[in-house]
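Numbered by the numbering used here, the letters in the sequence shown go through residues 2 to 281 in order. Ideal Cβ placement from N, Cα and C applies to all residues, glycine included. Please read all numbers here as calculations on a predicted model, not as lab measurements. Working notes, beginning with the structure itself.
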Amino acid sequence: MVQHIIVPVDGSDASWRAADTAIELAHRCDASVEVVEVVFDQPDVAEAVARLTARLSERDTAGLDVATRVELAPESVAQTVAALVAEQPDATVVMASHGRGRSAALLGSVTEELLQRIFGPILVVGPRATAPAFTGPIVATVDGSDASESVLPLAAAWGIELGVEPWIVEVADPDVVVSPDLNESAYPARLARKLSQESGHAVQFDVLHGRHVHDEVASYAETLGASLIVASTHGRTGMSRFVIGSTAAAFVRHAPCPVLLVRPPHLRDRRIGQVQRQEA
């Protein structure tokens, strides 16, 4: 599934942490890697080429097919990267949530825009994430919405690719009183059984408790030694917007591992319709 990885960088240490993650993933999946820096002025191209070469030489890429590329952007970084992805539809984008000059309090605008422009998931490396060996389990978060559940087939597919188990996790609000007659784990258990039957592989589940979903999921992922968290960009709220929802953004900010962000199908289909109308 992961055959070619595109990594946008901007010269910052934060952006190159995403390259480290991509290299680890490539080692695990025997994938090729393309590290891309986008510049806006022709005189900057030579400097970017030298910077890419120097940075890459500091990393262990033995046995991997790793290439560097400098692109001159006509408009935005995200537009340029999206065009590269369009040339290679099977490519997986791995990028940092923040780079040069981005606030650690918000998801970077380039990542936001790229999520709007491409239709596949993006593996986002947040400020607390380290490059995993991709041997730990995958944590997929659900909240009862169709949008959150839409990530589950992808979590199963990545689990099969990496040879690890997916865990379906729901965070219950401790202030909500649940009837003693109800089994609070019934919902994630049902999803796990269904996904296991469909994928032919084991799927685990758990229910966490806390008022702050991102904190509970981040702590749980750290305890499990998770390879990544898989989350929908939208869940119970924020469903009408293309930009990333607040809970997903919080996952990225707090997670100890990369977060695979997936746009819900109804938003993806709406975006495809907009593109088709623009091209007509």
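Buried or exposed, going by whether 16 or more other CB atoms sit within 10 Å of the CB of residue i?
i	result
leucine 262	buried
aspartate 91	exposed
methionine 96	buried
alanine 187	exposed
arginine 212	exposed
leucine 73	exposed
histidine 215	buried
histidine 210	exposed
arginine 191	exposed
alanine 134	exposed
alanine 23	buried
glutamate 48	exposed
proline 75	exposed
valine 8	buried
aspartate 61	exposed
alanine 63	exposed
arginine 147	The question names arginine, yet the displayed sequence has aspartate at residue 147. That one is exposed.
alanine 55	exposed
aspartate 1	As displayed, the chain neither begins before 2 nor continues past 281, which places residue 1 out of reach and without an answer.
glutamate 59	exposed
aspartate 14	exposed
With residue i as the anchor, note down where its alpha helix (DSSP H) starts and where it stops.
i	result
proline 154	153–163
alanine 63	Note, alanine 63: premise wrong, no alpha helix (DSSP H); not H, not E.
histidine 5	It is not in any alpha helix (DSSP H) - histidine 5 instead sits in the beta strand (DSSP E) that spans 5–10.
isoleucine 123	Note, isoleucine 123: premise wrong, no alpha helix (DSSP H); beta strand (DSSP E) at 123–126.
phenylalanine 252	247–255
glutamine 117	110–118
serine 16	14–30
For the candidate residues the options, whose alpha-carbon lies nearest to that of residue i?
i	options	result
valine 50	Glu166, Val82, Ser233, Val71	Val71
histidine 5	Asp66, Val204, Trp17	Asp66
aspartate 207	Glu199, Tyr221, Gln198	Tyr221
isoleucine 161	Asp61, Ala203, Glu150, Pro175	Ala203
valine 36	Gly145, Arg52, Ala68	Ala68
alanine 149	Ser233, Ala27, Asp61	Per the sequence shown, residue 149 should be read as serine rather than alanine. Minimum Cα distance to serine 149 is reached at Ser233.
histidine 99	Arg18, Ser200, Gln198	Arg18
leucine 85	Arg52, Asn184, Val34	Val34
valine 284	Asp144, Glu185, Pro265, Gly164	Within the shown structure, residues of the chain are numbered from 2 to 281, placing residue 284 beyond reach of any answer.
serine 200	Val78, His28, Ala158	Ala158
valine 172	Ala132, Phe252, Thr54	Phe252
serine 16	Glu166, Arg52, Thr224, Pro154	Arg52
glutamate 88	Ile119, Ser58, Thr142	Ile119
proline 189	Glu166, Ala141, Asp174	Ala141
glutamate 166	Pro175, Leu155, Asp174	Leu155
histidine 235	Ala249, Pro44, Cys258	Ala249
threonine 136	Leu57, Leu225, Leu115, Ile123	Leu225
If you follow the beta strand (DSSP E) that residue i is part of, which residue opens it and which one closes it?
i	result
phenylalanine 206	205–210
glutamate 38	33–40
threonine 142	139–143
alanine 232	229–233
glutamate 171	167–173
alanine 97	93–97
If residue i and residue j are in contact, beta carbons under 8 Å, what's the gap, nearest whole angstrom?
i	j	result
aspartate 228	proline 138	Reading the sequence as shown, one finds serine at residue 228 and not aspartate. Between proline 138 and serine 228 the Cβ distance is about 7 Å, and since that is below 8 Å, they are a contact.
glutamine 117	tryptophan 168	Rounded, the Cβ-Cβ distance is 29 Å, inconsistent with contact.
valine 46	alanine 79	The pair is not a contact, with the Cβ atoms about 19 Å apart (cut-off 8 Å).
valine 3	threonine 81	That belief does not hold up - the Cβ atoms of valine 3 and threonine 81 are roughly 22 Å apart, past 8 Å.
aspartate 21	alanine 132	4 Å
valine 231	valine 170	Contact doesn't hold; Cβ gap of about 10 Å is too wide.
glutamate 114	serine 77	6 Å
Counting only beta-carbon atoms, is residue i nearer than 7 Å to chain B?
i	result
aspartate 21	Of the chains in the structure shown, none is chain B; there is only one protein chain.
Note to self: Under 8 Å, with one C-beta from each stretch per pair, do the segment 37–54 and the segment 114–129 reach the 3-pair mark?
What the structure shows: no
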